[in-house]
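In the UniProt record's numbering, the protein residues as written are 1 to 280. Yeah, the Cβ is synthetic: ideal placement off N, Cα and C, and Gly gets one too. To keep things clear, I will list the structure first and then write my remarks on it.
Structure follows, in structure tokens:
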């Protein structure tokens with residue numbers, strides 16, 4: 001599928017402020033299931049120092065440093081993307097023992113997967129919920145992932161909240177509601193408790209085809225023989241070609257699109273606008 005994406009992040013300040021250096025995670029990757037082209041980035045006020053690099057997990061990041069006082073900060077990206085994952089089940093789990101739970105990753109992968117295997121929140125209620133899901137999935141790895149995705153989608157109430165850090169997984173489980181970030185963090189912790197490496201993914205979802213959209217979050221799990229595969233508990237879907245990956249990490253806060261602070265006695269207001277248009 002072929003899309004054009006425009007994402008505007010606009011901060012306004014009640015008084016003139018000084019912007020400390022900002023880290024921007026706004027450039028989606030090109031990888032086997034998506035190709036990015038015609039990418040543009042507009043920042044106003046214009047940084048006096050600007051550089052691009054990769055973080056420790058391979059995400060593209062920018063460092064922007066500013067000089068003059070300002071009453072606003074605009075960060076706008078626009079790009080075209082082509083996605084290629086029409087069939088999200090185009091793989092075979094290998095070694096075959098990984099088809100059932102519990103399974104173990106090859107020893108040589110343990111140091112690399114360690115950050116993705118440690119739950120952020122471990123308590124008896126989450127563990128009990130995880131074990132209940134395993135039982136209802138008949139210990140099948142893929143059935144479990146699909147059961148978790150569908151159960152969170154059906155049994156939890158979605159709350160729109162595009163700002164701030166995700167809730168803890170135990171609070172989301174207790175409340176039975178949350179934003180896409182909250183629901184993703186809950187599923188990540190459950191997967192990690194069951195020995196499945198999982199990470200937080202941020203990006204865009206075409207949804208119902210309307211032009212207005214929002215930054216979205218879902219889960220990626222590492223499956224031997226398949227690599228990193230996405231599951232979206234908010235939508236109840238396996239990630240395919242309507243999802244556009246922006247960044248992924250073991251820790252959600254590391255891939256916030258904009259990270260930075262300002263100096264000054266002022267109030268700030270943040271507005272986000274995302275437009276996704278299919279290109280025929």
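> Since residue 151 is in the alpha helix (DSSP H), which residue starts that stretch and which ends it?
Replying inline: 141 to 155
>> Is it buried or exposed, residue 79, if we count other Cβ atoms within 10 angstroms and call 16 or more buried?
In response: buried
>> Less than 8 Å between the beta carbons of residue 244 and residue 34, yes or no?
In response: yes
> So residue 169 and residue 194 are in contact, right, with Cβ under 8 Å, and what is the actual spacing, rounded?
Replying inline: Contact flag wrong, Cβ pair sits at about 13 Å.
> Thinking C-beta only, is residue 23 closer than 8 Å to residue 61?
Replying inline: yes
> What's the C-alpha gap between residue 38 and residue 124?
Replying inline: 49 Å
> Using 8 Å as the Cβ pair cut-off and three pairs as the minimum, do the stretch 103 to 121 and the stretch 148 to 155 touch?
Replying inline: no
>> The alpha helix (DSSP H) that contains residue 169, what's its start and end?
In response: 169 to 175
> Going by beta carbon distance, what residues of the same chain come within less than 7 Å of residue 259, once the five residues before and after it are set aside?
Replying inline: 22 and 23
>> Restricting to Cα atoms, I'd like to know which of 165, 81 and 20 is closest to residue 30.
In response: 81
> Do residue 65 and residue 49 have their CB atoms nearer than 8 Å?
Replying inline: yes
> Do you know how far the Cα of residue 184 is from the Cα of residue 198?
Replying inline: 10 Å
> So residue 101 and residue 231 are in contact, right, with Cβ under 8 Å, and what is the actual spacing, rounded?
Replying inline: Their Cβ separation, rounded to whole angstroms, is 15 Å, which puts residue 101 and residue 231 out of contact at 8 Å.
> Which residues does DSSP pair with residue 229 in a beta bridge?
Replying inline: 221
>> Give me the residue from 67, 52 and 43 with the minimum Cα distance to residue 16.
In response: 67
> Considering only residues of the same chain and omitting the five flanking positions on each side of residue 143, which have a CB-CB separation below 6 Å?
Replying inline: 137
>> Assuming residue 239 and residue 88 are in contact, meaning their beta carbons sit under 8 Å apart, how far apart are those beta carbons, in whole angstroms?
In response: 6 Å
> What's the gap between the Cα of residue 27 and the Cα of residue 83?
Replying inline: 15 Å
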